[in-house]
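From first to last, the protein sequence lines are chains A and B. For what it's worth, the numbering used here labels the leading residue of the first sequence as 1, then goes sequentially. For what it's worth, the numbering used here labels the leading residue of the second sequence as 1001, then goes sequentially. Just so you know, even glycine gets a beta-carbon here, dropped at the ideal spot from N, CA and C.
Protein chains: 2
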Amino acid sequence: MPLDSKTLCLGALDAGYNTGYDIRKAFEDGPFQLYQSLSYGSIYPALNALLADGLVTCTEQAQDGRPDKKVYAITEAGRTALRAALLQPLGFDRLRSEFMFALAFAHLMSPGQVSRLLDDYARGYRELAEDLACTDADPPPGRRFLVRLGQEGCLTWARCVEKHRAALEADLTARDPAVAAGAGTGD
Amino acid sequence: MPLDSKTLCLGALDAGYNTGYDIRKAFEDGPFQLYQSLSYGSIYPALNALLADGLVTCTEQAQDGRPDKKVYAITEAGRTALRAALLQPLGFDRLRSEFMFALAFAHLMSPGQVSRLLDDYARGYRELAEDLACTDADPPPGRRFLVRLGQEGCLTWARCVEKHRAALEADLTARDPAVAAGAGTGD
DNA sequence: GCGATATATATCAAGCCAATATAGGGGCTC
DNA sequence: GAGCCCCTATATTGGCTTGATATATATCGC
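1. Measure the C-alpha to C-alpha separation of E130 (chain A) and D136 (chain A) and round it to an integer number of angstroms.
2. Got a sec, what are the start and stop residues for the alpha helix (DSSP H) Y21 (chain A) sits in?
3. Can you list the residues of chain B that P141 (chain A) reaches, using a CB-CB cut of under 7 Å?
4. Confirm, please, whether the CB-CB distance from G20 (chain A) to L55 (chain A) is below 9 Å.
5. Taking the alpha helix (DSSP H) that T75 (chain A) falls in, what are its first and last residues?
6. Below 9 Å between beta carbons is the criterion; list the residues of the stretch 48–78 of chain A that meet it against any residue of chain B, in chain order.
7. Going by DSSP in three states, L1146 (chain B) sits in which element: helix, strand or coil?
8. With distances taken from CA atoms, which of B:D1068, B:Q1113, B:A1062 is nearest P89 (chain A)?
9. Applying a beta-carbon distance threshold of less than 7 Å, which residues of chain A neighbour E1098 (chain B)?
10. Cβ atoms of F1027 (chain B) and L1051 (chain B): under 9 Å apart, would you say?
11. If distances are taken between C-alpha atoms only, which option among A:L117, A:Y17, A:R123 comes closest to A73 (chain A)?
12. Strictly below 7 Å CB to CB, what residues from chain A border E1152 (chain B)?
13. So, with DSSP's three-state summary, where would you put L1095 (chain B)?
14. Kindly indicate if chain B contains any beta-carbon less than 9 Å away from that of R126 (chain A).
15. Under a CB-based cut-off of 9 Å, is T188 (chain A) close to chain B?
Here you go:
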């Protein structure tokens, strides 16, 4: 198992996110949002396990009013473990798309509903492309590459949807002539 | 929650996959492999729940030697439930990519390791594009659209990786001049 | 002054995945 | 024909993850 939640946390720490709260932001809005996700229920237990294994250190900072901040830092052993995990054979990408699954049943919907779905889907990827732009300044080479790749990929995917949607919409009206004619012309 | 495992099973049944074993294949190698996944641990309980709710029917077929086959069929109520679930607001696509996460830490690897990662990554998408071609004959409009979209999307993504990789590899050697000069190239 | 949002840690129920158990058939090698 | 692996087929379980919730305070807009 190459990339469990402990490895993901080590990566976030190496990238400069040093509290549980910050790590979650890195996966929610930050540089990792495009290709990984991680929630509190995984992060806090993972940090405790990493601490027990000596792969991270923790210094508590008392703050005015706010709850104490636990600032974590990756150790040299941690960085070695991260490097080792990244070199193991990696599982291939897995996409979970409710939009695509819904579109697989376009024949069960009205053409108007399908068109709205396609609009929302393409727009979502255009918005995501913009979100990917605003990340940290001067990232390492790998993350610079991923920003460019992610932005172009999202825009290209949106364009691909817009390119092929006409064929789908034509297929649907061809199957349901009543819609094409605008009135009940029979089947 | 729009697309839980019960909804996914209803969809697979509507698409003509009518046993638990078959449904899994639809998500493993079949038309849904690109955008959803579902395992036995979800499928069998979901089918039981759907049966209890009257959204599917089940007829047991005794077979020579082999265990009895439970053939499920979606009911009209089931198709209505499927339609209703697909029209609820859908969550946006979520990608889980171990390759991209690993590449985010390219600065922790040797250039050779990064190059191999990029090779494997692009090749994986080219192979996936081929796998997507062999699906069932004469699919409904939505799935025809998704096949075209999926194939073009995978190929485009592979090309996008290959287009941007040179910049990454240049960045990495610029950071580590020893590698550029050819001295002590540890792999 | 009031609700909304942000900081920050932590836990829990519900759900899901990967692995395993069970069981017979077909095909392959030696 | 013995051993072995893969395919069909259903079912269960352990362990992990998500999403929601609890707690406590500060700041910001209005």
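On the basis of the coordinates in this document:
1. 14 Å
2. 20–28
3. A1106, H1107, L1168, D1171, L1172, R1175
4. no
5. Careful: T75 (chain A) lies outside any alpha helix (DSSP H) and carries neither H nor E.
6. none
7. helix
8. B:Q1113
9. P2, L3, L90, G91
10. no
11. A:Y17
12. C160
13. strand
14. no
15. Any answer about residue 188 (chain A) is impossible in this case: the structure gives chain A only from 1 up to 187.
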